[in-house]
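Peer 1:
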Amino acid sequence: MKQDLFKKLQQIAEQNLLDIETHKKNGNHVIGFYCLYAPTEIAVAADAIPLPLCGTRQAPIEAAEEVLPRNLCPLIKSSYGFAATDTCPFFRFSDMIVADTTCDGKKKMFEIMADIKPVHVLQLPQNQDFSISLAPWKSEIEKLITILETFTDKKITREKISFAIALLNKERRAKKRLMDVTKAKPSPLTGMELVEILFKTGFFADKEKGIDLINEIADVCEQLIEKKESPYTLKTPRILLTGVPIGLGSDKVVKILEQSGANVVAFENCSGYKQTFQVDEIKDPVTALAEQYLSIPCSVMSPNQGRIDLLKEMIKEFSIDGVVDLTWQACHTYNIESHHIGKLVQDSYHLPFLHLETDYSESDTEQLRVRIEAFLEMM
Ligand code: SF4
Ligand code: SF4
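Per this note's numbering, the very first residue in the sequence shown carries number 5; after that it's consecutive.
Dropping the structure here:
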């Protein structure tokens, strides 16, 4: 039953490219987004399809290194490489790029990417104290509304933004419901299955289609939990993966963990649980968007207490046996923040903790496997 749904996921993913083409032929737009901080609701309110574009594959990195420094985060190089080589259909479909000033590498890369496509960069504050940062961030969102109105020639009313918030809240609730099925002991899903579902549905042009499919998979998982069917046993180590985002192609740590006998049941990163927030549907929609997006607990924020709070909640709710903190090479913010994460996990929860720094290549796979196997032996 689960396998049939994975086939359906693949079919919709293939059909999706045609759906996007049809949408464009009908005179509508596609907006590419880099990063979770940019409120995709504004694109939806302009009848555009928002596509998440952060690169997760090694293939275009060599081409990116002709322009960007080699010692840069692979996510940034992969993102730029896809744009420079024109090998990502979703980048190609994008009429305009909306990005934000998160880390130094990304924001400087966007200056170069602007030679390829129109790029609008939101000036993201790096502090989540609303008394300092909310007003400038809200005005960045207001500016984005004006820019997208002009670009798409569509009026973005408060009503349309509210409608988009309700739709994307529904999508985030479905994702949370799916991610929460792995709270069951043992979990009905592998970590790699979860990565595949979240990654592929993220590109769906038809949001309702994606929401229905995610809920359908969650229904099946809930039935499997009732029947106590799982690829795992009660003794399988349950891992929480925190740190940088991952996707298909940048999933080697999840693969090695699961090949070594663990189950990655929780993803506290922006490709996982950080996407599960709800935007207030009662307040003024722009204020609600500004507050909620500014509160995303990524390491580019200083301080970043939200990540600690989220980890505390997830360690408990997902019955975690060990925490792996993943840092992409040259990502200073996650690398440095790992100090606090390790202290929290080891001192407050007395759980095994492993900090890994790697890139998208396979060159260190065996080295990682040795470290991961030794880590799992501690459980
Ligand atoms: S880790 Fe932070 S900066 Fe990087 S993509 Fe996620 S939210 Fe954006
Ligand atoms: S992983 Fe780190 S360096 Fe890479 S884009 Fe995200 S914040 Fe920037």
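For each residue, glycine too, the CB sits at the ideal point set by N, CA and C.
(1) Three or more C-beta pairs under 8 Å: does that hold for the region 255 to 263 against the region 218 to 226?
(2) Here's the rule I'm using: 16 or more other beta-carbon atoms within 10 Å means buried, otherwise exposed. How should Ala170 be labelled?
(3) First and last residue of the alpha helix (DSSP H) that includes Met305?
(4) Note down the Cα distance separating Leu198 from Val328, rounded to an integer number of angstroms.
(5) Beta-carbon within less than 8 Å of Arg176's beta-carbon, same chain only, minus the 5 sequence neighbours each way: which residues are those?
(6) Shorter than 7 Å, the distance from the beta carbon of Tyr338 to the closest heavy atom of ligand 2, or not?
(7) Could you tell me the alpha carbon to alpha carbon distance between Leu76 and Asp363, rounded to whole angstroms?
(8) Buried or exposed: where does Lys359 fall if 16 or more other Cβ atoms within 10 Å of its Cβ makes it buried?
(9) Given Glu262, which residues of its chain have a CB within under 8 Å of its CB, disregarding the five upstream and five downstream residues?
(10) Count the other CB atoms, across all protein chains shown, that sit within 10 Å of the CB of Ala132; report buried if there are 16 or more and exposed otherwise.
(11) Of all the options Leu244, Ala17, Glu18, which has the alpha carbon lying nearest to the alpha carbon of Ser323?
(12) DSSP has Val328 in a bridge; who is on the other side?
(13) Should Pro396 be labelled buried (16 or more other beta-carbon atoms within 10 Å of its own) or exposed?
(14) Pairs of beta-carbons, one from the region 22 to 38 and one from the region 96 to 109, closer than 8 Å: are there three or more?
(15) How would you label Asp325, buried or exposed, when you count the other beta carbons within 10 angstroms and need 16 or more for buried?
(16) Start and end of the alpha helix (DSSP H) containing Leu380?
(17) Can you tell me whether DSSP reads Ile160 as helix, strand or coil?
(18) Taking contact to mean at least 3 C-beta pairs separated by less than 8 Å, is the region 10 to 30 in contact with the region 225 to 241?
(19) For Trp332, I'd like the list of residues in its chain whose CB is within less than 6 Å of its CB, leaving aside the five on either flank, ordered along the chain.
(20) Where does Pro64 land, buried or exposed, given buried means 16+ other C-beta within 10 angstroms?
(21) Please list the terminal residues of the continuous beta strand (DSSP E) segment that includes Ala270.
(22) I'd like the list of long-range same chain contacts for Ser275, defined as Cβ closer than 7 Å, with 5 residues on each side in sequence excluded.
(23) Going by the DSSP bridge assignment, what does Phe203 pair with across the sheet?
(24) Quick one: using the 10 Å Cβ neighbour count with 16 as the cut-off for buried, is Met382 buried or exposed?
(25) Considering just the uninterrupted stretch of the beta strand (DSSP E) at Val34, what are its terminal residues?
(26) Assuming Tyr297 contacts Pro43 (C-beta within less than 8 Å), just tell me the rounded distance between them.
(27) Between Cys58 and Pro235, what straight-line distance do the alpha-carbon atoms span, to the nearest angstrom?
(28) What does a CB cutoff of less than 6 Å around Lys158 pick up in its chain, not counting 5 residues either side in sequence?
(29) Could you name the residues that DSSP lists as bridge partners for Leu55?
(30) Ala103 by DSSP, collapsed to three states: which one?
(31) What does the Cβ neighbour count give for Glu45, buried or exposed, with the cut at 16 atoms within 10 Å?
(32) Give me the DSSP bridge partner(s) of His124.
(33) Does the beta-carbon of Lys239 have 16 or more other beta-carbons within 10 angstroms, so that it is buried, or is it exposed?
(34) Starting from Gln19, trace the alpha helix (DSSP H) in both directions and tell me its first and last residue.
(35) Tell whether a beta-carbon distance below 8 Å holds between Ile312 and His344.
(36) I'd like to know whether the C-beta atoms of Phe94 and Leu152 end up nearer to each other than 8 Å.
Peer 2: From the atom records:
(1) no
(2) exposed
(3) Run containing Met305: none; DSSP gives neither H nor E here.
(4) Approximately 17 Å between the Cα atoms of the pair.
(5) Once the five neighbours on either side are set aside, the close Cβ partners of Arg176 are Gln279, Thr280, Phe281, Gln282.
(6) yes
(7) 10 Å
(8) Reading the sequence as shown, one finds His at residue 359 and not Lys. With 16 or more other Cβ atoms within 10 Å, it is buried.
(9) Thr194, Gly195, Met196, Val268
(10) Strictly speaking, residue 132 in this sequence is Gln, with Ala absent from that position. Answer is buried; the Cβ neighbour count reaches 16.
(11) Leu244
(12) Beta-bridge pairing links Val328 to Leu245, Leu358.
(13) Residue 396 lies beyond the residue range present for the chain, which begins at 5 and ends at 383; the question has no answer from this structure.
(14) yes
(15) Buried, because 16 or more other Cβ atoms sit within 10 Å of the Cβ of Asp325.
(16) 369 to 381
(17) coil
(18) no
(19) Once the five neighbours on either side are set aside, the close Cβ partners of Trp332 are Cys77, Pro78, Leu79, Val248.
(20) buried
(21) 267 to 272
(22) A distance below 7 Å between beta-carbons, with the five flanking residues on each side excluded, links Ser275 to the following residues of its chain, in chain order: Leu202, Pro249, Ile250, Gly251.
(23) Bridge partners of Phe203: none, in fact.
(24) exposed
(25) 34 to 37
(26) Cβ-Cβ separation between Tyr297 and Pro43: approximately 5 Å, consistent with a contact (criterion under 8 Å).
(27) 31 Å
(28) Ala50, Asp51
(29) For Leu55, DSSP records a beta bridge to Gly36.
(30) strand
(31) Glu45 counts as buried, since no fewer than 16 other beta carbons sit within 10 angstroms of its beta carbon.
(32) Val102.
(33) exposed
(34) 6 to 29 is the span of the alpha helix (DSSP H), which, as asked, contains Gln19.
(35) yes
(36) no
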